[in-house]
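Take the sequence shown: its letter number 4 is residue 259 in our numbering, and every next letter is one higher. Shown next, in structure tokens, is the structure this report addresses.
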Amino acid sequence: MIEHAPFVLFRDDSENRTTVFAKPSRVITARTRAEFLRGLSELEAARRAGKWLAGYMAYEAGHLFEAKLTPFAEENRETPLMSFGVFDAPAEGHPLAEPRRRVENEPLLCEPRAGWDFSAYRQRFERLHQHLRQGDCYQANLTMPIHARWSGDARTAFWSLIERQPVKYGALVALDGPILLSRSPELFFHVDPDGWIETHPMKGTAPRGATAEEDAAIIAEMREDEKTQAENRMIVDLLRNDISRITEVGTLHVPKLFEIETYPTVHQMVSHVRARLLPDISVADIFAALFPCGSVTGAPKMRAMEILHELESGPRDAYCGAIGFIAPDGVMRFSVAIRTISLFPDGRAIFNVGGGIVFDSKAAAEYDECLLKARFAVGDAEIAR
């Protein structure tokens, strides 16, 4: 239950900072292709008029930026293609920024169930592997849904998950469509006041060790592992190509490559790609070049998206989309909507988990990694399969 809708809340746990956008003057929502194209223009017009925007874009919105993928974007969807509130400014000192604590032992989600058992996952994995063998793609990010039930207060659930897995790009979105509870560790892109754009692709995952010594050994192994490096480098190259479409020649560089970030349950390999935007680049231009993020699609990007649409059993919706804000001066920050739960009014909850599949990936290990990633939401609860 949400008491103060509509609003958007962003939370950076590393800096203990919460930013709230409340009481929008209007909400720009699109469920069809025509509404989406009109909505992009409305976003830009609102920004140029001095307004702030905060909200999300669903994964399937990415299909509308490429003519060959447009038929994949189903219309009149339960989860909108995008939904953004239009605000005068962030709300300073808003009560929504106050933490809420849950009753001890009260579950956030109940009855978690994987959308695919291992047999179903393996069938899709093998079909994807056939595409890899044929050279149709070099990597693809295969994802599956986890279904659950939820009840209670979404704000309480959001703050409870902070205790389980602190991240830089947390968000709670209550606009049109389901409530989105996001615990993303991954930056999609950030644009600074001087027009520099930076993206932090995250690709390569390993479980935490039981001791500091085990962690150190795992991190050292990740840094030297050729498969992990290859996965990350492919996405770095993809994003360099995407960013080059909207940035000045000679400014594109990779300030960090193969960095390891550590979270309560996993280690992640992260790289940084940075460049200076061309003059007069619009919000629509940036999303047309970059969206969806290459770390959640694959390489080559368009072919990987076609293959994944064929293999995955339904839309990803908000998952693997983008959540963020746009300021009047052109500053923007969007996260990749991984580790993101959609909470529906009828008590349904759904989130996806997945990983990048390359030629030497193994089905059992990849399925186990999916279940490991689900722990951000369900903790140690058993996931039915």
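Positions of the beta carbon are idealized from the N, C-alpha and C atoms, including for glycine. Treat the numbers as computed from the prediction; the structure is a model and nothing was measured.
Inter-residue spacing [alpha-carbon to alpha-carbon] between residue i and residue j
i      : j      : result
Val525 : Phe339 : 28 angstroms
Phe320 : Ile536 : 16 angstroms
Tyr518 : Thr460 : 11 angstroms
Asp268 : Gln389 : 43 angstroms
Glu469 : Gly569 : 38 angstroms
Thr274 : Ser280 : 18 angstroms
Ile596 : Gln420 : 14 angstroms
Ile474 : Pro400 : 29 angstroms
Asp447 : Ala346 : 21 angstroms
Arg531 : Glu503 : 6 angstroms
His508 : Asp540 : 20 angstroms
Ala403 : Phe599 : 11 angstroms
Val422 : Phe580 : 17 angstroms
Ala260 : Ala604 : 18 angstroms
Gly505 : Arg529 : 11 angstroms
Arg478 : Pro555 : 24 angstroms
Asn607 : Ala592 : 10 angstroms
Glu481 : Asp391 : 22 angstroms
Ala573 : Trp405 : 17 angstroms
His349 : Ile578 : 20 angstroms
Arg558 : Asn396 : 12 angstroms
Ile434 : Pro362 : 18 angstroms
Gly310 : Gly432 : 11 angstroms
Gly585 : Asp449 : 9 angstroms
Leu436 : Tyr424 : 11 angstroms
Pro583 : Trp371 : 43 angstroms
Leu494 : Arg488 : 10 angstroms
Neighbour-count burial assignment, residue i, 16 or more Cβ in a 10 Å radius
i      : result
Leu442 : buried
Thr483 : buried
Phe589 : buried
Leu336 : buried
Val551 : buried
Leu416 : buried
Glu561 : buried
Glu418 : exposed
His386 : buried
Phe631 : buried
Lys617 : exposed
Arg272 : exposed
Thr325 : exposed
Thr334 : buried
Phe614 : exposed
Gly602 : exposed
Lys628 : buried
Arg379 : buried
Lys458 : buried
Thr398 : buried
Ala620 : exposed
Arg293 : exposed
8 angstroms CB neighbourhood of residue i in its chain, flanking five on each side removed
i      : result
Met256 : With a pLDDT of 49 at Met256, under the threshold of 50, the predicted position of this residue should be treated as unreliable, though the coordinate-derived value follows. Excluding residues within five positions, the ones whose Cβ falls inside 8 angstroms are Gly407, Asp408, Ala409.
Ala639 : Glu366, Pro367, Arg368, Ala369
Glu297 : Ile283
Glu476 : Ala461
Glu381 : Ala618
Ser499 : Leu507, Ala530
Proximal residues to residue i (C-beta, below 6 angstroms), its chain only, five neighbours per side dropped
i      : result
Lys306 : Val341
His445 : Glu453, Arg588
Arg355 : Arg410, Thr411, Trp414
Phe373 : Tyr622
His564 : Phe327
Trp451 : Arg531
Tyr644 : Because the chain spans 256 through 640 in this model, residue 644 falls outside it and cannot be assessed.
Leu295 : Ala539
Glu516 : Gln523, Val525
Gly464 : Asp470, Ile473
Ile490 : Pro456, Lys458, Gly549, Ser550
Arg377 : Ala618
Gly553 : Cys392, Gln394, Ala395, Asn396, Ala559
Own chain, CB closer than 7 angstroms to residue i, minus 5 neighbours either side, in chain order
i      : result
Asp497 : Ala544, Leu545, Gly549
Ile501 : Leu532, Leu533, Ile536, Asp540, Ile541, Ala544
Gly634 : Arg419
Leu383 : Ala395, Leu397, Ile562, Leu566, Ile612
Ala467 : none
For residue j and residue i, believed in contact at Cβ under 8 angstroms, the rounded distance
i      : j      : result
Gly611 : Glu486 : 5 angstroms
His522 : Lys511 : With a Cβ gap of about 15 angstroms, His522 and Lys511 do not count as contacting.
Ala316 : Phe291 : 6 angstroms
The ligand GDP heavy atom lying under 7 angstroms from the CB of residue i
i      : result
Glu453 : Absence of the ligand GDP is noted for the structure shown, with no ligands found whatsoever.
Is there contact between the segment 297-311 and the segment 613-629, where contact requires at least three CB pairs shorter than 8 angstroms? no
The segment 424-432 / the segment 263-283 touching (three or more Cβ pairs under 8 angstroms): yes
Inter-stretch contact at 8 angstroms, needing at least 3 Cβ pairs: the segment 285-300 / the segment 324-335: yes
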